[in-house]
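In this text, residue positions in the sequence shown follow this note's numbering: the first is 833, and each later residue adds one.
We put the beta carbon where it would ideally sit given N, CA and C, even for glycine.
Inspection log for the structure reproduced underneath, given as structure tokens.
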Amino acid sequence: MSEAGWEKVCEAAELAEGRMKGATLGEREVVVCRTKEGLHALDNVCTHAYAKMDEGRLRGVRLICPLHGASFDCRTGAVLGAPATVPLQTHEVRERDGAIEVRLRG
Ligand code: FES
Numbered sequence: 833m834s835e836a837g838w839e840k841v842c843e844a845a846e847l848a849e850g851r852m853k854g855a856t857l858g859e860r861e862v863v864v865c866r867t868k869e870g871l872h873a874l875d876n877v878c879t880h881a882y883a884k885m886d887e888g889r890l891r892g893v894r895l896i897c898p899l900h901g902a903s904f905d906c907r908t909g910a911v912l913g914a915p916a917t918v919p920l921q922t923h924e925v926r927e928r929d930g931a932i933e934v935r936l937r938g
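Spelled out as structure tokens, the structure:
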């Protein structure tokens, strides 16, 4: 049973800075990004059409969709570049006891 909605995504050591990791929590696809600024968790499905963000690229805090190149700020989910116009939903993320855990929002 997870503590108040926190679910483990992976071991902390599996996610180096500048990398991302996708996971399925219940019915939700999420992606966790580790940047110089820390950990960030978002929906893993682009808001433009269907593409998995963890198959794209992470450049600093810019998360780039593999399909048509829309980009998002992985800290806030805000759109940084077309063709997407709707932000990505963000989720809570933390590192605890050597594991990365996410708690879904919205
Ligand atoms: S599906 Fe991501 S930009 Fe089109």
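- DSSP places E839 in the uninterrupted beta strand (DSSP E) bounded by E839 to E843.
- Taking the CA atoms as reference points, P898 sits about 11 Å from A881.
- Sorting R866, K853, H872 and V841 by C-alpha distance to the C-alpha of E933 places V841 at the top.
- Not a single heavy atom of the ligand FES lies less than 7 Å from the C-beta of P919.
- In the three-state reduction of the DSSP assignment, E887 falls in the helix class, which pools H, G and I.
- Inclusion of C906 and T879 in the CB contact set at 8 Å is not warranted, their separation being larger than that value.
- Bounds of the beta strand (DSSP E) holding E861 are R860 to T867.
- Here H872 is buried: its Cβ has 16 or more other Cβ atoms, across all protein chains shown, within 10 Å.
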